[in-house]
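The structure appears below as structure tokens.
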Ligand SMILES: Cc1cc2nc3c(=O)[nH]c(=O)nc-3n(C[C@H](O)[C@H](O)[C@H](O)COP(=O)(O)O)c2cc1C
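In this note's numbering, the protein residues as written are -18 to 172.
This is the structure:
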């Protein structure tokens, strides 16, 4: 059921050490995203997949994870992603970067869900050093990075809860290390 998969597919910021995700698995995730809706069906998105450990470590250092959690390094040292997918907009195809951003969101969530179904954990990242990443990955000219998705084998317990009366949506780390994510009540989002 899609709802169960959406509930299970949480943003993961702590991964098992020493695991690999094959390039074939990463490309298969892109091959699922290929069939997503796209504004005017332009399909401006292009993807760079990364599966080698050294480049993954470099990319992790160019990203910002879980900025609301102050007292813990995320991902913890040595527990970063073992795969990345960079979602880019091809400027020669895109007519509006806004539409590309919307396409990228749809594609990224689709990748998250497909990854979860395969037993991987992932996190969508918008907070990254764009120029450093372009250089590291030797991106061709005309590619605008929009979102980066870090992937690995999850080693994180996440608990979903409903927001308190104050409506605070800030996620936090519980004393036992569980990651708690408040979601707004259904009645608060139906207009
Ligand atoms: C567009 C977008 C950008 C995001 N950027 C980051 C990011 O840069 N770093 C990060 O740690 N998480 C990032 N996230 C993950 C969110 O923080 C996460 O979705 C939120 O905390 C709720 O947790 P959940 O995905 O488990 O429901 C991003 C999510 C989205 C949709």
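Just so it is clear, CB atoms sit at the ideal spot from N, CA and C, and this is done for glycine as well.
Since this is a predicted model, take the numbers as computed values, not measurements.
- A distance criterion of 7 Å places the beta-carbon of residue 19 beyond contact range of ligand 1, judged by its closest non-hydrogen atom.
- By the 16-neighbour rule on beta-carbons within 10 angstroms, residue 74 is exposed.
- In this structure, residue 26 has its beta carbon at no less than 7 Å from each heavy atom of ligand 1.
- A distance criterion of 7 Å places the beta-carbon of residue 104 in contact range of ligand 1, judged by its closest non-hydrogen atom.
- In this structure, DSSP gives residue 86 a helical state, which the three-state scheme calls helix.
- With three or more CB-CB distances shorter than 8 Å, the segment 94 to 108 counts as touching the segment -17 to -1.
- Runs of alpha helix (DSSP H) with 4 or more residues, each lying fully within the segment 86 to 139, are found at 111 to 117, listed in chain order.
- Straight across, the Cα-Cα distance linking residue 107 with residue 84 is about 14 Å.
- A direct Cα-Cα distance of roughly 29 Å separates residue 61 from residue 25.
- Within its own chain, the residues whose Cβ lies closer than 6 Å to the Cβ of residue 159, once the five positions on either side in sequence are excluded, are 138, 140, listed in chain order.
- Across the structure, residue 127 and residue 44 are spaced so that their CA atoms are roughly 13 Å apart.
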